[in-house]
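Quick look at the structure:
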């Protein structure tokens, strides 16, 4: 498995993953330019997530989504690859913290097992359009 940059041309396929998981697709405008995709040895996309840079010492890991075709160990290994990549990238860019906001219990369990601390258990994410 390897990690590659997310290309705009992947958006349609990835937005279908959100739908298949029962979630509303994240609008293209909300994705940072620093998206990453874990692909298998055949080039199949397994999972992706985005690093959101800030002008402070904290970055964010956002919008993690897996290809519904894959489950179990393959997704877990892909998530490990993504998490390590984002961590190293953020460290190399000088960030001191990475925040991730999660609802999915499996993801919370994964990140907690990988030394991420729970910050706020009662979080609501609100979005306002800027027109």
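Numbering (my numbering), first residue to last: 873 to 1003.
Using N, Cα and C, we set each Cβ at its ideal position, and we do this for glycine too.
Given the structure is predicted, the values throughout are model-derived calculations rather than measurements.
Nearest neighbour of residue 977, chosen from 878, 993, 946 and 968 [CA to CA]: Here the closest residue by C-alpha is 993.
Length of the line joining the Cα atoms of residue 887 and residue 880: C-alpha separation (whole angstroms): 11 Å.
Going by the beta-carbon positions, is the gap between residue 921 and residue 974 smaller than 8 Å? No.
If you compare alpha carbons, which of 919, 923 and 937 is closest to residue 969? Nearest option by C-alpha distance: 923.
Are the beta-carbon atoms of residue 935 and residue 898 separated by less than 8 Å? In this structure, residue 898 lies closer than 8 Å to residue 935 by Cβ.
Neighbourhood of residue 892 by C-beta distance below 8 Å, restricted to the same chain and skipping five residues each side: Hits under 8 Å: 940.
What ranges does the alpha helix (DSSP H) occupy inside the segment 881 to 910, keeping only unbroken runs of at least 4 residues that lie completely in it? Within the segment 881 to 910, the runs of alpha helix (DSSP H) at least 4 residues long that lie entirely inside it are, in chain order, 883 to 892.
Enumerated in chain order, which unbroken segments of the alpha helix (DSSP H) with a length of 4 residues or greater are wholly contained in the segment 920 to 967? Here the runs fully enclosed are 944 to 964.
Expressed to the nearest angstrom, what Euclidean distance is found between the alpha-carbon atoms of residue 916 and residue 883? Going by the C-alpha atoms only, they are around 14 Å apart.
Let me confirm a value: residue 983 is counted as buried when at least 16 other C-beta atoms fall within 10 Å, else exposed. Which label applies? By the neighbour-count rule (16 or more Cβ atoms within 10 Å), residue 983 is buried.
If you follow the alpha helix (DSSP H) that residue 997 is in, where does it begin and where does it stop? Premise fails: residue 997 is in no alpha helix (DSSP H) and is neither H nor E.
Please return the same chain residues whose Cβ sits closer than 6 Å to the Cβ of residue 952, not counting the five positions on each side in sequence. None.
Roughly how many whole angstroms lie between the Cα atoms of residue 979 and residue 943? One alpha carbon belongs to residue 979, the other to residue 943, and they sit about 13 Å apart.
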